[in-house]
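Residue numbers (the working numbering): 5 to 277. All residues carry an ideal CB built from backbone N, CA and C; glycine is no exception. Each remark here refers to the structure printed beneath this line.
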Ligand code: 6PG
């Protein structure tokens with residue numbers, strides 16, 4: 005069986021929980037409560053929590069909620085490790101970096117939460133750029149770091165306690181675009197050339213979507229009417245081969261281990277549940 009076929013079949017394991025809330029504020033609140041629960045449970049179970057977070061604009065509200073009571077005091081932040089499922093190939097302090105929003109809100113010096121600095125694991129884009137090592141080095145270095153720090157699930161893939169995701173209007177997740185070379189690749193992390201069909205037109209580094217199969221829980225956040233069409237196709241349409249340009253990689257998170265939190269404008273084309 006080819007890797008592509010295997011990933012496709014893995015993705016067919018069950019259907020996710022789909023939770024529709026009124027608006028972006030409710031989405032942020034519901035996401036923050038779930039993230040806090042997952043972090044508390046992982047720390048209780050094994051003494052630390054590894055969260056793979058996402059980029060884009062959607063997590064900002066979630067981060068704000070986590071820095072506010074009651075969640076701020078409920079989570080044992082000293083035992084939380086933060087990773088990123090993907091990033092843009094820019095330094096961490098670049099506004100288009102997926103780390104930037106977390107640095108600005110969750111780790112803000114005045115209002116942020118007390119996550120130890122060495123528990124924050126950004127992709128080494130800054131070092132790769134400064135030392136001209138390139139995105140492939142950046143990806144391989146990050147894969148090695150994750151493998152040495154995060155317990156491995158089946159097939160030697162790091163099993164993050166929770167993987168947070170957003171989706172793109174083209175049906176991408178992580179930096180895995182329709183027809184992506186990441187699908188079916190044996191590499192845990194990959195350099196992806198700058199997409200031309202979607203902004204920002206920057207090279208990316210991304211985990212292989214096999215991390216979704218290893219994670220016990222996945223939380224996908226989707227907000228806004230602009231995502232309604234693609235969301236309908238992802239959750240209620242036929243499953244398409246994500247390795248083809250017509251495929252929808254976000255269907256790889258259409259699985260029983262995932263919760264999809266969707267606001268009403270984004271849910272406009274979903275069948276009633
Ligand atoms: C990226 C992201 C990507 C993102 C979605 C949603 O680097 O572009 O990781 O997968 O989550 O594109 O982005 P929005 O939250 O801005 O809609």
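* Report yes or no: do three or more beta-carbon pairs, one from the segment 52-61 and one from the segment 163-172, lie closer than 8 Å? => yes
* To do: Label residue 156 either buried or exposed according to how many other C-beta atoms from any shown protein chain fall within 10 Å of its C-beta, with 16 as the threshold for buried.
  => exposed
* residue 189 beta carbon less than 8 Å from that of residue 90 -> no
* Would you mind stating whether residue 79 and residue 25 have Cβ atoms separated by less than 8 Å? => no
* By the 10 Å Cβ neighbour count, where 16 or more other Cβ atoms means buried, how is residue 197 classified, buried or exposed? -> exposed
* Asked: Do the segment 221-233 and the segment 92-110 make contact, defined as three or more Cβ pairs closer than 8 Å?
  -> no
* Any 3 or more C-beta pairs closer than 8 Å across the segment 101-115 and the segment 56-69 -> yes
* Measure the Cβ-Cβ separation of residue 187 and residue 139 and say whether it is below 8 Å. => no
* To do: Below 8 Å on the Cβ atoms is my guess for residue 68 versus residue 32; work out the distance and round it to an integer in Å.
  => 7 Å
* Asked: Pick from 275, 269, 272 and 260: whose alpha carbon is nearest that of residue 21?
  -> 260
* **Span of the beta strand (DSSP E) around residue 211** => 208-211
* Would you call residue 267 buried or exposed, if buried means 16 or more other Cβ atoms sit within 10 Å of its Cβ? -> buried
* Closer than 7 Å: is that where the CB of residue 176 sits relative to any heavy atom of the ligand 6PG? -> yes
* When the distance is taken between beta carbons, is residue 162 closer than 8 Å to residue 215? -> yes
* Asked: Which whole-angstrom value is the C-beta distance of residue 39 and residue 70, which I expect to be below 8 Å?
  -> 7 Å
* From 208, 194 and 193, residue whose alpha carbon lies closest to that of residue 200 -> 208
* Does the separation of the CB atoms of residue 232 and residue 158 fall below 8 Å? -> no
* Asked: In the segment 50-94, which residue ranges form an unbroken beta strand (DSSP E) of at least 3 residues, counting only runs that do not cross its ends?
  -> 53-57, 84-88 and 90-92
* Taking 7 Å as the cut-off, does the CB of residue 169 come closer than this to any heavy atom belonging to the ligand 6PG? -> yes
* Should residue 92 be labelled buried (16 or more other beta-carbon atoms within 10 Å of its own) or exposed? -> buried
* Since I believe residue 86 is in contact with residue 57 (beta carbons under 8 Å), could you give me their beta-carbon distance rounded to a whole number of angstroms? => 6 Å
* Going by alpha carbons, who is nearest to residue 147 out of 28, 236, 125 and 172? -> 125
* Asked: Apart from the five residues on each side of it in sequence, which residues of its chain come closer than 8 Å, Cβ to Cβ, to residue 118?
  -> 81 and 82
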